[in-house]
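Novice: Residue numbers (my numbering): 1 to 496. All residues carry an ideal CB built from backbone N, CA and C; glycine is no exception. My questions will all concern the structure given below.
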Ligand code: NDP
């Protein structure tokens with residue numbers, strides 16, 4: 001890489017990664033790049049730290065994780081400022097993002113013992129002489145690979161679950177946001193100075209690939225679907241399991257009995273917060289015919305008030321500007337209409353709010369992740385058509401429904417991991433709700449109880465409490481005993 005490139009484009013010089021602001025080009029900071037050997041060495045240190053961390057037990061870890069949570073809350077303005085400097089996102093967006101991270105950290109710390117700790121399970125009649133015990137044991141070291149669009153909450157979600165479960169973590173932040181990533185690691189070290197339980201490795205994609213091959217017990221990946229496939233291929237070499245949080249093309253359905261101003265407000269926020277660079281951002285709306293015109297007018301009126309450089313920050317990754325321009329131009333060329341913004345909306349490093357209607361279903365704006373402050377609104381006859389069109393995508397991350405009588409039923413029919421009813425994106429902020437997608441949006445879950453179990457292995461133990469009444473698992477069983485087993489089976493399970 002050379003030093004003469006677009007603001008925000010990361011530069012590697014003499015083994016150092018330099019991160020800059022996408023609007024001004026101001027330097028956010030610099031960190032050393034880790035090659036494969038450095039990654040392996042970091043994971044080796046993490047393996048030792050994991051033993052110390054595990055020995056603290058749930059209570060010891062909870063106390064330290066809550067201290068980290070409190071430190072983040074005390075210094076939330078500092079974290080938000082740094083995030084704004086590095087990504088360009090408005091300060092308020094950064095604060096809201098940090099708030100969600102704090103929620104996940106708090107929930108994971110407080111609930112890990114209940115969800116993962118040792119418990120007895122109910123005995124089954126066929127093995128009544130044995131008691132069953134279940135606990136969830138950590139993998140050891142978890143590798144967390146994160147994206148740039150939400151550099152606080154996307155890594156802190158899996159990091160919270162992995163640490164609370166007793167793992168050490170090696171974290172590879174996006175090359176666009178290494179400084180926020182390093183801040184998280186440094187502040188954790190302030191409250192846990194004894195061992196490198198949470199470490200960062202910095203660099204480009206090859207550093208992430210090295211992490212997948214470094215001997216970690218599990219990988220948590222958040223990023224694009226294309227990179228997810230490379231991560232899985234690298235993990236497959238050593239049968240390393242992975243949880244995949246990938247892209248989306250989320251839809252909002254507006255039903256006939258929806259509160260139109262509320263739906264419009266949520267559609268605008270859900271599609272344009274963080275300048276639309278949100279994996280669970282609303283990219284498509286399906287509005288039923290009776291309320292369509294009123295809804296479109298309300299969206300245009302609200303989105304028209306947003307200003308670039310104020311509520312709408314710059315596009316963090318300069319290369320994304322071309323994709324957003326291409327999607328808008330392709331939608332217009334195929335017959336779509338811009339009722340706000342449109343051709344010329346892309347003014348690097350900003351994109352002004354763009355609302356498109358009558359966009360054909362085969363255009364890129366309708367099929368691929370746009371990741372900008374654009375929104376398509378499509379008129380449909382009824383909720384059934386809305387669901388069918390919303391589900392016509394290989395992605396399946398989140399979604400939203402506005403309505404009253406049938407809203408929950410419609411939400412259940414959306415092919416996605418999460419849906420917000422009468423709001424947008426809210427599921428990401430509840431520490432006790434699992435987060436993840438289906439199809440091209442990935443698999444596995446972070447957050448909530450499923451998110452804790454994702455970073456641990458179920459360990460099942462049986463303990464004999466007495467002699468066997470129905471000795472099945474021995475060569476010393478007699479034909480009479482086998483006949484007894486059959487008789488018992490018939491009594492227990494043979495009835496129609
Ligand atoms: P990328 O897939 O480009 O990168 C994600 C991370 O993977 C980065 O840290 C990247 O490093 C790293 N990486 C790149 N190549 C490899 C490789 N071969 N092996 C291992 N790691 C690698 O995604 P973006 O950073 O552009 O993030 C945007 C995407 O993330 C969008 O698709 C968005 O929808 C998705 N996303 C999903 C979320 C979810 O929870 N489902 C949440 C937030 C975003 P580097 O940056 O250095 O290339």
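Would you mind working out which of 72, 139, 220 and 163 sits nearest residue 152, comparing C-alpha positions?
Specialist: The shortest Cα separation from residue 152 among 72, 139, 220 and 163 belongs to 72.
Novice: Quick one: give me the first and last residue of the beta strand (DSSP E) that residue 172 is part of.
Specialist: Element bounds for residue 172: 168 to 172.
Novice: Beta-carbon within less than 8 Å of residue 33's beta-carbon, same chain only, minus the 5 sequence neighbours each way: which residues are those?
Specialist: Excluding sequence neighbours, residue 33 sits near 12, 15, 16, 17, 202, 203, 204 and 207.
Novice: Helix, strand or coil, according to DSSP, for residue 224 in the structure here?
Specialist: Coil at residue 224, not helix or strand.
Novice: Which first and last residues belong to the alpha helix (DSSP H) in which residue 119 is found?
Specialist: That residue, residue 119, is in no alpha helix (DSSP H); its beta strand (DSSP E) goes 119 to 121.
Novice: Excluding the 5 residues preceding and the 5 following residue 173 in the sequence, name in chain order all residues of the same chain whose CB lies nearer than 6 Å to its CB.
Specialist: Hits under 6 Å: 146 and 181.
Novice: Who are the Cβ neighbours of residue 100 in its own chain at under 7 Å, not counting the five residues just before and after it?
Specialist: Result list for residue 100: 153, 428 and 429, in chain order.
Novice: Check whether the Cβ of residue 183 lies closer than 7 Å to any heavy atom of the ligand NDP, and answer yes or no.
Specialist: Checking every heavy atom of the ligand NDP against the Cβ of residue 183, none is found closer than 7 Å.
Novice: Expressed to the nearest angstrom, what Euclidean distance is found between the alpha-carbon atoms of residue 192 and residue 64?
Specialist: The straight-line gap from Cα to Cα measures roughly 7 Å.
Novice: Quick one: which unbroken alpha helix (DSSP H) runs of 4-plus residues sit fully inside the region 390 to 453? Chain order, please.
Specialist: The region 390 to 453 contains these whole alpha helix (DSSP H) runs: 407 to 413.
Novice: Between 463, 485 and 163, which has its C-alpha nearest residue 108's C-alpha?
Specialist: Closest by alpha carbon: 163.
Novice: Just to confirm before moving on: does the CB-CB distance between residue 243 and residue 212 stay below 8 Å?
Specialist: No; because the gap between Cβ atoms is not below 8 Å, this pair is not in contact.
Novice: Indicate, with yes or no, if the ligand SAH has a heavy atom lying under 7 Å from the CB of residue 441.
Specialist: The model on display carries the ligand NDP but not the ligand SAH.
Novice: Would you call the CB atoms of residue 245 and residue 29 closer than 8 Å?
Specialist: Contact flag unset, no.
Novice: Please go through the same chain and pick out, in chain order, the residues whose beta-carbon is closer than 6 Å to the beta-carbon of residue 285, but skip the five residues on each side of it.
Specialist: Within the same chain, residue 285 has close Cβ partners 252, 267 and 377.
Novice: First and last residue of the alpha helix (DSSP H) that includes residue 305?
Specialist: Unbroken run through residue 305: none, as it is neither H nor E.
Novice: Are residue 440 and residue 225 touching if we call contact CB-CB under 8 Å?
Specialist: Yes, Cβ-Cβ distance for residue 440 and residue 225 is below 8 Å.
Novice: So is the beta-carbon of residue 147 under 7 Å away from any non-hydrogen atom of the ligand NDP?
Specialist: Within the cutoff, so yes.
Novice: Tell me which same chain residues have a C-beta within less than 8 Å of the C-beta of residue 394, skipping the five on either side of it?
Specialist: Correct list, in chain order: 439 and 440.
Novice: Below 8 Å between beta carbons: does that hold for residue 456 and residue 165?
Specialist: In contact: residue 456 and residue 165 (Cβ atoms closer than 8 Å).
Novice: Closer than 7 Å: is that where the CB of residue 317 sits relative to any heavy atom of the ligand NDP?
Specialist: Yes, since a heavy atom of the ligand NDP falls inside the 7 Å radius drawn around the Cβ of residue 317.
Novice: Could you round the C-beta distance between residue 264 and residue 305 to whole angstroms and report it? I think they count as a contact, below 8 Å.
Specialist: Contact flag wrong, Cβ pair sits at about 12 Å.
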